[in-house]
Amino acid sequence: MKIEIRLLHKNDDLSSFDCGIIELNQFLKQYAKQNQFRHFIGTTYVAVVDNIIIGYLSVSASSIRIADFSNELSKKLPKYPLPVLRLTRLGIDVKYQNIGIGKQLLKFTLGLTLKQKEQFGCFALVVDAKAQSVGFYEAFGFESVDVVSGTLDIRPYAQSMFLATKVIEKSLRRE
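For the sequence shown, my numbering assigns the number 84 to the initial residue and increments by one for each residue that follows.
Printed below as a string of structure tokens:
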């Protein structure tokens with residue numbers, strides 16, 4: 084199966100996409116184009132097979148304050164906000180799940196992170212992972228961090244995770 088990963092187009096038909104998670108479906112169908120083409124607050128890439136969108140990811144530029152984390156990193160890095168690429172959404176159509184599409188999209192995102200590092204500066208790729216997705220990100224080397232300030236007292240909690248660009252560069256060199 085030949086998969087093309089490309090930017091979302093204004094005329095893409097998103098109506099048949101269903102990843103099994105209402106919030107991810109709703110984002111793609113109702114907000115992704117607005118965010119990308121009207122508000123310029125995020126960018127969505129789609130995985131396409133035979134003109135059918137089978138998966139997507141959305142990213143935005145962001146920043147993190149390492150001082151807000153309760154791990155060893157907070158002692159080694161500056162206290163001011165560091166630029167990051169935030170993976171805000173990742174969804175795969177139910178008909179194409181568990182065959183490696185998510186891995187391909189995440190590897191694509193690692194490449195985007197390194198491009199951002201070269202062009203604008205970027206410390207890491209950051210994701211707030213749902214509980215059922217933590218293992219997926221850990222398999223790529225993401226580290227969980229406990230946020231000690233700025234958390235919301237709601238459930239279910241998303242697990243803040245990051246993958247430093249230094250680690251991304253090393254892992255991509257090994258492949």
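Glycine included, each C-beta is placed from N, C-alpha and C at the ideal position. These numbers were taken from a predicted model, which means no experiment stands behind them.
Practice prompt. Write down the C-beta distance between V167 and V209 rounded to the nearest angstrom, noting that I regard them as a contact closer than 8 Å.
Written response: The distance from the Cβ of V167 to that of V209 is about 5 Å, consistent with a contact at the 8 Å cut-off.
Worksheet entry | Residues near L111 in its chain [Cβ-Cβ closer than 7 Å; skip 5 each side] | These residues qualify, in order along the chain: L97, F100, Y139, G174.
Worksheet item: Which of the three DSSP states, helix, strand or coil, is assigned to Y128?
Response: DSSP places Y128 in strand when its eight states are reduced to three.
Discussion item. Quick test of the definition: if touching needs 3 or more C-beta pairs under 8 Å, does the stretch 175 to 183 touch the stretch 211 to 229?
Written reply: The stretch 175 to 183 vs the stretch 211 to 229: no contact.
Discussion item. Considering just the uninterrupted stretch of the alpha helix (DSSP H) at F219, what are its terminal residues?
Written reply: Counting along the chain, the unbroken alpha helix (DSSP H) around F219 starts and ends at 217 to 221.
Worksheet item: In three-state DSSP terms, what is G194?
Response: Three-state DSSP puts G194 in a helix.
Worksheet item: Got a sec? Which residues, its chain only, sit under 7 Å from A207 by beta carbon, not counting five neighbours each side?
Response: Excluding positions up to five away in sequence, the list reads V167, F245, L246, A247, T248.
Item to complete: Count the other CB atoms, across all protein chains shown, that sit within 10 Å of the CB of Q119; report buried if there are 16 or more and exposed otherwise.
Response: The residue in question, Q119, is buried, as its Cβ has 16 or more Cβ neighbours within 10 Å.
Item to complete: Count the other C-beta atoms from every protein chain shown that fall within 10 angstroms of the C-beta of D133, then say buried if there are 16 or more, exposed otherwise.
Response: Under the 10 Å beta carbon count, D133 is surrounded by fewer than 16 other beta carbons and is classified as exposed.
Discussion item. Judging by CA-CA distance, which residue of K190, K158, G103, L195 is the nearest neighbour of A144?
Written reply: Taking only the C-alpha atoms, the option nearest A144 is L195.
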